[in-house]
Each structure stands twice: as structure tokens, then as C-alpha cells.
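As given, the protein sequences belong to chains A and B, one line each in that order.
Take the first sequence: its position 15, counting from 1, is numbered 15 in the working numbering, and each next residue is one higher.
Take the second sequence: its position 76, counting from 1, is numbered 291 in the working numbering, and each next residue is one higher.
For each residue, glycine too, the CB sits at the ideal point set by N, CA and C.
Below you'll find the structure, written out as C-alpha cells, and then a few comments.
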Amino acid sequence: MQDPIVEARGRIERYSQLDGLMEIDAGIGQLLIGGWLILTTSSNSSAMWYKPIALIYALVFCAFALFQQRVVRAIRERITYPRIGYVSPGETGRKRGIVIAAICALLPFVAGVLAFRFAGRPTGWDLLHWLQWAPAVFGLTFGTASIFFGVRLRLPRFLLIGILAISLGVAVSFAYPLRLGTAIYFAGVGSALLLSGGMTLWTYLHTTLPPAEEA
Amino acid sequence: MRKRLLQLADLDRLIHEPARLMIAATLYVVKEADFLYLQRQTELTKGNLSCHLAKLEEAGYLEIEKTYRGKIPLTLCRLTKKGRTSFQAYEAVLKSALF
């Protein structure tokens, strides 16, 4: 039998993923990165429309980075908290998050060192050669974190997203040049996150109703 | 063994009551939670939950903050240091006597 305190901690962590808003948020972020890469890869930078479009895109990106948390909080105050209530995780939960983020940040470094060790050093420290593997490293990092969360929170949708991120990252590293491959990776994972978050939110809104007033 | 078993007689009865135990166990793992969250987790009625929260507050185990989020009233509950210590002690006695 699992310790009820541990079980309760797991419930708190699952709670923050009930509405799918975090996935939608992450999905929009990844789609914006993918869109930027596609814009800069496929467009003629000397065209008249390019600079204004790039500027608008950069502003949208900055606005997203600045306001995303505020928007998510505002939406939660309107649709999540009135349905299932508000809870703030303790200091332990926050510390655990920092440790997980540190592990995720370390993974690309470890992957890079291993790739250098086992790839036979065909081109030495040629930066472009190593950058070609960037989507694979992104996929490995994000995918591992997603699978970790999926197992820990017992949410299968995170397992699927993790497997997709790793497979897509490795596949585009083999099949496409760096910029296009990275753009496809971000667009693919962003769409998957958006779809998963959207479906979760739809299900949440239709199955979890605000409590009825007691007589 | 007998000594450990006898410790059960000293259990904190304020926490030992099932509804209050659910409330304390829920709040022990978080920083704070609102009334609705506690109601969802414990499946107690509003009146019952209010009554048990008041008892815990009276004993100094719980802090209740009545505030607003926008125009919506919000009742935030959090365990005090005394409440956390008491819950830890309760858990320790129960574990040592039963497991």
C-alpha cells in the first residue's frame, strides 16, 4: 500500500495538469519557435515584406513570453478554480520542480558528450556537424522529461508526447537539413501538445462542473 | 510492543476524528488550499467542513484567510506550524504502534 502522504503529493501534482492549459501554453510556444524557423528558412530576407513580418513575429513572441503565465492564471481563475478549487503546492513541490528542470538542462550536455564519444569523431569539432543533431537533442531532452512526468503523474498522454518528441527529433536530424529539421520538430511537437492540451481541456470542461449550491 | 500500543491512548483526538484527519492530511502536503478544493478532496458538505475547520482553527492548528480573487470570495486555509507539528507527531505515533 502506498503511503497516503506520498499519494496526496502525487494528487497535487496531477491537479496542475487537469485542465490541459500547461500543454496548450507549451504547444503555442513550440509552434511559435517552429514558425519563426520556417519564416527565416523559406523566405527571401531581402523581400520588402520580410522585415515588417519578422518584426511583428518577434513582438508576438516577446508578448507571449511576457504574458503567458498571466494569461494562464487568468484563465484558471475563470474556469479551473471555480470547478475544482485552488491549491498551492508547498516549498517541497517547488524544490522538486527546480531539480527536475536542472536534470532536463543537463541532459543535452550528456547527450552531446556521448554523441562525441561514440560517433567516431568524423568531423572533429565542426560546429555545423554537431548542430545537425540539435533536433535529436531537443527531442531527447523534452521527451525524457515528458516520459518522466507521464510515469510520475500516471498520465499516459505525456508518455505518448515524450515518445513522439524523441522519435521526431531523431528522424528529422537524419532526414532534413538543420533549420528545416528543427522547424519540423518544433511544429510537430507543438501541434501534438496543442492537440493533447485541447482535448484535455475539452474533456475537463464537459466532465467537471462547478459545484451546485446546497439547499 | 505493549508500550508502543499504549501510545495510541495519547493520540491527538482533535486530529484523530476522521473528517479533521482528512483535512489535516490534505493541507499537510500543500502550502494552502481553498475551501472548494478541501470540499472536493474530503467530500464533506459545506456545513460539516466549516464546522471542522473552525475547530482546527480554534485549536491553533489552522489559519483561515478570507479574501477575494477578483470579485469572487475566497477562503484560503493553511496549517500553522503547531498544526504541522501535531500532524507529524500523530503520524509518527500511529506508524510506530501499527506498523
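- Closer than 7 Å to the CB of A/Glu77 there is at least one CB belonging to chain B.
- For secondary structure counted as the beta strand (DSSP E) over 3 or more consecutive residues, the segment 34-96 of chain A holds these complete runs in sequence order: 87-89.
- Secondary structure note for A/Pro4: its alpha helix (DSSP H) is the uninterrupted segment 4-15.
- Within the DSSP secondary-structure output, B/Leu289 pairs in a beta bridge with B/Thr282.
- Beyond the five residues adjoining it in sequence on each side, B/Arg299 comes within less than 7 Å, by CB distance, of Tyr243 in the same chain, given in chain order.
- Rounded to the nearest whole angstrom, the C-alpha separation of A/Phe64 and A/Thr182 is 20 Å.
- Between the C-alpha atoms of B/Ala307 and A/Glu13 there is a straight-line separation of about 25 Å.
- For A/Arg9, the chain B residues whose C-beta falls within less than 7 Å of its own C-beta are Val244, listed in chain order.
- With respect to chain B, the C-beta atom of A/Ile163 has no partner C-beta closer than 7 Å.
- Along the segment 145-179 of chain A, none of the residues has a CB nearer than 9 Å to a CB of chain B.
- Rounded to whole angstroms, the separation of the alpha carbons of A/Thr203 and A/Asp19 is 8 Å.
- In this structure, A/Glu77 is the residue among A/Glu77, A/Val72, A/Leu164, A/Arg70 with its C-alpha nearest to the C-alpha of B/Ile287.
- At a cut-off of 3 residues, the continuous stretches assigned as beta strand (DSSP E) that sit fully inside the segment 219-258 of chain B are 245-249.
- Distance from the CA atom of B/Leu236 to the CA atom of A/Phe138, rounded to whole angstroms, is 45 Å.
- One Cα belongs to A/Ser16, the other to B/Lys218, and the distance between them is close to 43 Å.
- Within the same chain, and ignoring the five residues on either side of A/Ile161 in sequence, the residues whose Cβ sits closer than 7 Å to its Cβ are Ser146, Ala192, Leu193, Ser196.
- Using a C-beta cut-off of 8 Å, the segment 83-91 of chain A makes no contact with the segment 32-49 of chain A, since fewer than three inter-stretch Cβ pairs fall below that distance.
- Bridge pairing for B/Leu277: B/Leu294 [DSSP].
- Taking the C-beta atoms as reference points, A/Leu32 is found nearer than 7 Å to A/Phe61.
- Taking C-alpha positions only, A/Ala58 is separated from A/Thr208 by approximately 37 Å.
- Neighbours of B/Thr282 across chain A, judged by C-beta separation under 8 Å, do not exist; the nearest C-beta is about 11 Å away.
- Around the C-beta of A/Phe142, 16 or more other C-beta atoms lie within 10 Å, and the residue is accordingly described as buried.
- The segment 132-157 of chain A is shown to contain whole alpha helix (DSSP H) runs of 4 or more residues at 134-153, in chain order.
- From the beta-carbon of B/Asp227, no residue of chain A is found nearer than 9 Å; the closest lies around 17 Å away.
- A straight line joining the alpha-carbon of B/Gly262 with that of A/Asp3 spans about 29 Å.
- Apart from the 5 residues on each side of it in sequence, B/Tyr283 sits with its Cβ closer than 8 Å to the Cβ of Leu289 in its chain, given in chain order.
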